[in-house]
């Protein structure tokens, strides 16, 4: 039996209100239903999971099959409707290990704070 390989995708969102991971998942699922073919949907959505979401940063981590990464790029390139409002999700980093994805968010946040202090 072959082990399933996953990728962890760090994404950002520009949204005025704090979002709940369940709402983001619904928006991604609805968008995937419209955009993807049946085969791509079957390779992407069954094991898609929002592992972490930091509402105060507007960043999160999505866990997806290795074969579904291209489909997630297609979905995130489109606008997504969440709670009746339209938002855009941007992929920032793709990682094979969740620990590296979390570490990237922490390090990126520290560099953003340093940039703000310089200005």
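In UniProt numbering, the protein residues as written are 1 to 119. Don't be surprised by glycine CBs; every beta carbon is placed ideally from N, CA and C.
Out of the options, point me to the one whose CA is closest to residue i's CA.
{"i": "residue 30", "options": "107, 93, 74, 81", "result": "81"}
{"i": "residue 40", "options": "23, 21, 68, 53", "result": "68"}
Assuming the contact rule is C-beta atoms closer than 8 angstroms, residue i and residue j should be a hit. Round their C-beta distance to whole Å, please.
{"i": "residue 55", "j": "residue 18", "result": "4 angstroms"}
{"i": "residue 98", "j": "residue 64", "result": "Contact doesn't hold; Cβ gap of about 12 angstroms is too wide."}
{"i": "residue 61", "j": "residue 9", "result": "7 angstroms"}
{"i": "residue 25", "j": "residue 58", "result": "Actually they do not touch by this definition, with Cβ atoms about 16 angstroms apart."}
Does the Cβ of residue i have 16 or more other Cβ atoms within 10 Å, making it buried, or fewer, making it exposed?
{"i": "residue 86", "result": "exposed"}
{"i": "residue 7", "result": "buried"}
Which runs of the alpha helix (DSSP H) fall wholly inside the segment 22 to 107 and span at least 4 residues, in chain order? 38 to 44, 69 to 77
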